[in-house]
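Worksheet for the structure shown next.
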Amino acid sequence: MKRYLMYITIIIILGFGFYSKVYIPKHTFKTTEVNIADMSLKVNGVGNLGAKEIYKVGSIYGGKVFSFEINEGDFIKKGTLIAKIDSVDLSDKIDELDANIKRIQSDIKALKLDKKSAITSYNYQEVIYKKNYQLFKKEAISELDFKKYKTNRDVSKLQVGSISSKIDSLYAQIIQLEASSDGLKQRLSRYIILAPIDGYITKKLISNFAIINPNQTLVEIVNPKDVWVETHIDTRISGDVKLGDFATVKLRSSDIKYKGKVTNIKPVNNSVTNEREIDISFDKLPIPFYLEEQAIVDITIKELKNIIKIPLTALTTYKEKNGVWIVKNKIINFKEIKILAYSNNGVATKNLASQDILAIPNPKKKTFTNGMKIYND
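Mapping to my numbering: the sequence shown position 128 is 130, numbers consecutive.
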């Protein structure tokens, strides 16, 4: 009898241990409440820091590079000297042309004085000619004497014309020399390389005193306003993205989330990856920035207000239907729901009441069935 009671006691103890250590833990689950909240619908993608425009600055002429002291990462203003290219004897040729122009201008000044004198002489000879013409008509002087006065007048007139032609010729020479000088000065200005915009030097492609070829790039400049993230998003989820949509950007080198917006959507999809390139500009550019740095982008495409929201962990599939397990008096039953939208950690629906309590499935515990009794954590 005593042995029988001992066996009974052992069985009770083992049964209680199984119930408390195995059965109850296997039937104990976490629960959550249904919330009324706002939800941001987002799409995300991975991209790289790039720029709308990268200005490749160089010289159309070849030669040795002087005064090339800027460095990568420097911020420069528009018009800042980037480099000077050796123009050989171009300055000497310009000085020579300018000296010739001044010499010719001096010659013109002297010829104008000569012309003034010649005009005075011509006017004098014209008066004498007219007086002697009257005398010749009256036969007071001989024809030979009259022709002498006429010749003197004509010679004076030709001298005025000759000086005028010389002056016109010199003016034409000045125009030609000035055109040559302006051309050389314009060419010389292209040996001085200035920054076309405000921006950062992202690449310095040669060293000081290097010999460059015509049209060779010296530096690359990026305007901070042109910097954006070139992200690629699956075409299936990118259709709702619009210009101006709010976005956040997280760079690989930082834990900070930077605010931005969608500023460009490429009209052509990538035929290999079936992705669409969407460019995000920064509200405030992180300084310093590094082109080609990887970035993760979240784009907010819609804001849902006062919707029924449940945690993503509460959503499950039962008999090929999406739904949740509702707990009432420790009994669970499956309820199919219509999913309105997904977020990173939640699901929006309209098929639940705010007072509903949801059981969260756990693959390491008992599988849920309709009418099953559970315990709450």
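Just so it is clear, CB atoms sit at the ideal spot from N, CA and C, and this is done for glycine as well.
Give the range of the alpha helix (DSSP H) segment to which residue i is assigned.
i, result
"Ala174", "145-191"
"Tyr126", "92-139"
Just verifying my parser: in three-state terms, what is the DSSP assignment at residue i?
i, result
"Tyr63", "coil"
"Asp300", "strand"
"Leu1", "The requested residue 1 does not occur in the structure, where the chain is confined to residues 3 to 379."
"Ala142", "coil"
"Leu306", "strand"
"Ala361", "strand"
"Thr82", "coil"
"Thr34", "strand"
"Leu51", "strand"
"Leu317", "coil"
"Gly373", "coil"
"Phe211", "coil"
"Glu338", "strand"
"Asn331", "coil"
"Ser89", "coil"
"Ala39", "strand"
"Phe70", "coil"
"Ile56", "coil"
"Ile203", "strand"
"Phe20", "The pLDDT assigned to Phe20 is 43, lower than 50, so where the model puts this residue is not dependable, and the model offers no usable value."
"Ile312", "strand"
Out of the options, which one is the CA nearest neighbour of residue i?
i, options, result
"Lys149", "Tyr131, Ser166, Lys159", "Tyr131"
"Leu190", "Ile199, Gly64, Ile280", "Gly64"
"Lys79", "Asn225, Ser240, Ala350", "Asn225"
"Thr34", "Leu92, Leu354, Gly373", "Leu354"
"Gly60", "Thr369, Thr30, Ile213, Phe31", "Ile213"
"Ile289", "Val162, Leu220, Ile282, Lys227", "Lys227"
"Tyr344", "Glu74, Gln136, Ser42", "Ser42"
"Ala53", "Val229, Leu186, Ile203", "Val229"
"Gln178", "Gln161, Thr315, Asp100", "Asp100"
"Leu316", "Glu294, Gly47, Lys114, Ile341", "Leu is not the amino acid found at residue 316; the sequence shown has Ala there. For the residues Glu294, Gly47, Lys114, Ile341, the minimum Cα distance to Ala316 belongs to Ile341."
"Lys304", "Val36, Gly201, Lys44", "Lys44"
"Val201", "Leu287, Gln136, Glu338", "First, the residue type needs correcting, since residue 201 is Gly and not Val in the sequence shown. For Gly201, the nearest C-alpha among the options comes from Leu287."
"Gln296", "Val231, Ile328, Phe336", "Val231"
"Ser166", "Leu92, Gln357, Lys117, Lys95", "Lys117"
"Leu51", "Lys114, Phe284, Ser356, Glu338", "Phe284"
"Asn235", "Gly348, Pro363, Asp281, Thr122", "The sequence given here places Ile at residue 235; Asn does not occur at that position. Nearest option by C-alpha distance: Asp281."
"Ile298", "Lys332, Leu306, Thr233", "Thr233"
"Val157", "Glu145, Ala174, Glu98, Ala120", "Ala120"
"Phe370", "Ser356, Tyr151, Asp147, Lys321", "Lys321"
"Asn154", "Tyr173, Ser144, Tyr124, Leu146", "Tyr124"
"Ile87", "Phe70, Lys330, Asn331, Lys323", "Phe70"
"Thr250", "Val36, Asn37, Val48, His29", "Val48"
Would you kindly report the start and end of the unbroken beta strand (DSSP E) that includes residue i?
i, result
"Lys244", "Per DSSP, Lys244 belongs to no beta strand (DSSP E) and is neither H nor E."
"Gln218", "218-224"
"Ala350", "348-351"
"Val420", "In this structure the chain extends from 3 to 379, so residue 420 is not present and cannot be described."
"Tyr292", "That residue, Tyr292, is in no beta strand (DSSP E); it is neither H nor E in DSSP."
"Asp236", "229-236"
"Arg278", "277-284"
"Gly75", "Segment: none, Gly75 is in no beta strand (DSSP E) and carries neither H nor E."
"Lys367", "From DSSP, Lys367 is part of no beta strand (DSSP E); its letter is neither H nor E."
"Ile195", "194-196"
Quick one: using the 10 Å Cβ neighbour count with 16 as the cut-off for buried, is residue i buried or exposed?
i, result
"Ser240", "buried"
"Tyr260", "buried"
"Arg254", "exposed"
"Asn134", "buried"
"Phe31", "buried"
"Ile301", "buried"
"Ala112", "exposed"
"Phe77", "exposed"
"Arg192", "exposed"
"Arg238", "exposed"
"Ala142", "exposed"
"Thr319", "exposed"
"Gln108", "The question names Gln, but residue 108 is Ser in the sequence shown. Classification of Ser108: exposed, given that the 10 Å Cβ count is below 16."
"Gln127", "buried"
"Glu279", "buried"
"Thr351", "buried"
"Glu222", "buried"
"Asp257", "exposed"
"Ala181", "exposed"
*Are at least three pairs of beta-carbons, each pair with one atom in the stretch 244-253 and one in the stretch 264-272, less than 8 angstroms apart?*
yes
*Segment contact flag, the stretch 307-315 with the stretch 268-277, C-beta cutoff 8 angstroms, min 3 pairs*: no
*Between the stretch 190-201 and the stretch 80-88, do three or more beta carbon pairs fall short of 8 angstroms?*
yes
*Count the C-beta pairs between the stretch 159-166 and the stretch 87-103 that are closer than 8 angstroms, then say yes if the count reaches three, no if not.*
no
_Three-pair Cβ contact test at 8 angstroms for the stretch 169-186 versus the stretch 204-212_ = no
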